[in-house]
Amino acid sequence: MIPVFHTSATVRAPERLVLRGGRWARVSLRVRWGLAEHPAAGLGLIDLGYGPALFGRGGALGIYARVLRPRLLRGGAWQEVLAKKGAAPEDVSWVLLTHLHADHVCGLPALAHARLFAPGVTPGLRHGVFPALLPRDWPSCRTAYESLPHLPAPLGLPEGADVFGDGSCLAVPLPGHAAGQRGLVFTRCDPPLLYAADVQWCAAGLAPGRAPGAPAMWIADDRYAAGESTRLVRRFADGGGDVVLCHEPGKGTYDA
Ligand SMILES: [Zn+2]
Numbered sequence: 369m370i371p372v373f374h375t376s377a378t379v380r381a382p383e384r385l386v387l388r389g390g391r392w393a394r395v396s397l398r399v400r401w402g403l404a405e406h407p408a409a410g411l412g413l414i415d416l417g418y419g420p421a422l423f424g425r426g427g428a429l430g431i432y433a434r435v436l437r438p439r440l441l442r443g444g445a446w447q448e449v450l451a452k453k454g455a456a457p458e459d460v461s462w463v464l465l466t467h468l469h470a471d472h473v474c475g476l477p478a479l480a481h482a483r484l485f486a487p488g489v490t491p492g493l494r495h496g497v498f499p500a501l502l503p504r505d506w507p508s509c510r511t512a513y514e515s516l517p518h519l520p521a522p523l524g525l526p527e528g529a530d531v532f533g534d535g536s537c538l539a540v541p542l543p544g545h546a547a548g549q550r551g552l553v554f555t556r557c558d559p560p561l562l563y564a565a566d567v568q569w570c571a572a573g574l575a576p577g578r579a580p581g582a583p584a585m586w587i588a589d590d591r592y593a594a595g596e597s598t599r600l601v602r603r604f605a606d607g608g609g610d611v612v613l614c615h616e617p618g619k620g621t622y623d624a
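Per the numbering used here, the sequence shown runs over residues 369 to 624.
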């Protein structure tokens, strides 16, 4: 199973806020999500990016959308990419969520029929999780990664949840940015691919001393754990693995 990543939206931010020693000039952070076809489990999505569900809301979610002002890319939402392939939301059999921040779950209620995999912890509003974006029967409708059998993961990563029971995709704990955050290792890619979600914003931030400090770190759930997760991902990359981050501005080999 080899995922392809699409960009749902971009968010502009001064590089210095997302990369220590970066410029004050703004960079366009991508908001990726992935599509993959598992030979037995069928068509699935990996995070969901931003989408129209974010807009026209009141309350905290409305404020969030007005402050971050993401720019949705035409044709980049998961619904649009599926439609272009002649598929409907009902054709999606599974969804792997790395964590539940708004930029990873837009449109999730339309996928409530699918098998939903997510971390076992559901943090609240204060931690950037908006119940309005989740299915009404959350969290009982999701399978927690923690409840699945775990297998050893390559290149120094901790053991990961064997999502499909065949070792092809391992959800490894990479907490810090969000409580319970998981990265996804696609072991059949050569070299193995780690979708490391939001361990860092930019690939350059994985290098020693380049992770941003305040204010980017203020939103981290656990700064110490975030540092440890960055080290794990760096070790995986140094060992020859491929890494995809959700928000890296540059286009990579796994991007559509
Ligand atoms: Zn994110």
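Note that beta-carbon positions come from the ideal geometry of N, C-alpha and C, so glycine has one too.
Heavy atom of ligand 1 within 7 Å of residue i beta-carbon
i: residue 469; result: yes
i: residue 614; result: yes
i: residue 589; result: no
i: residue 472; result: yes
i: residue 558; result: no
i: residue 566; result: yes
Bridge partner(s) assigned by DSSP for residue i
i: residue 403; result: 372, 413
i: residue 591; result: Answer is none; residue 591 lacks a bridge partner.
i: residue 537; result: 554
i: residue 398; result: 378
i: residue 610; result: 561
i: residue 528; result: 519
i: residue 385; result: Note: residue 385 sits in no beta bridge, so no partner.
i: residue 623; result: 373
i: residue 511; result: 485
Is the segment 519-529 touching the segment 601-617, taking contact as three or more C-beta pairs under 8 Å?
By the C-beta criterion, the segment 519-529 is judged to be in contact with the segment 601-617, since at least 3 inter-stretch pairs fall below 8 Å.
In chain order, each beta strand (DSSP E) run of at least 3 residues that lies wholly inside the segment 540-582
As far as the segment 540-582 is concerned, its whole beta strand (DSSP E) runs of at least 3 residues are 550-554, 561-563.
Residue ranges of each beta strand (DSSP E) run of no fewer than 3 residues wholly in the segment 411-477, ordered along the chain?
Contiguous beta strand (DSSP E) elements confined to the segment 411-477 occur at 462-464, taking only those with 3 or more residues.
Tell me, please, whether the segment 424-435 touches the segment 503-513 by the rule of three or more beta-carbon pairs shorter than 8 Å.
Taking 8 Å as the limit for Cβ pairs, the verdict is that the segment 503-513 does not touch the segment 424-435.
Using 8 Å as the Cβ pair cut-off and three pairs as the minimum, do the segment 569-578 and the segment 483-491 touch?
Look at the beta carbons and you see the segment 569-578 not touching the segment 483-491: under three pairs across the two are nearer than 8 Å.
Quick one: any contact between the segment 474-484 and the segment 423-430, if contact means 3 or more CB pairs under 8 Å?
The segment 474-484 makes no contact with the segment 423-430: fewer than 3 CB pairs, one atom from each, lie closer than 8 Å.
Touch check for the segment 586-599 and the segment 528-547: three-plus C-beta pairs under 8 Å?
Touching, yes, given that three or more Cβ pairs across the two stretches are closer than 8 Å.
State whether the segment 391-399 contacts the segment 452-470, with contact taken as three or more CB pairs (one from each stretch) at a distance under 8 Å.
The answer is no - the segment 452-470 does not touch the segment 391-399, with fewer than three Cβ pairs under 8 Å.
Counting pairs of beta carbons, one from the segment 440-450 and one from the segment 375-395, are three or more of them closer than 8 Å?
The segment 440-450 is in contact with the segment 375-395.
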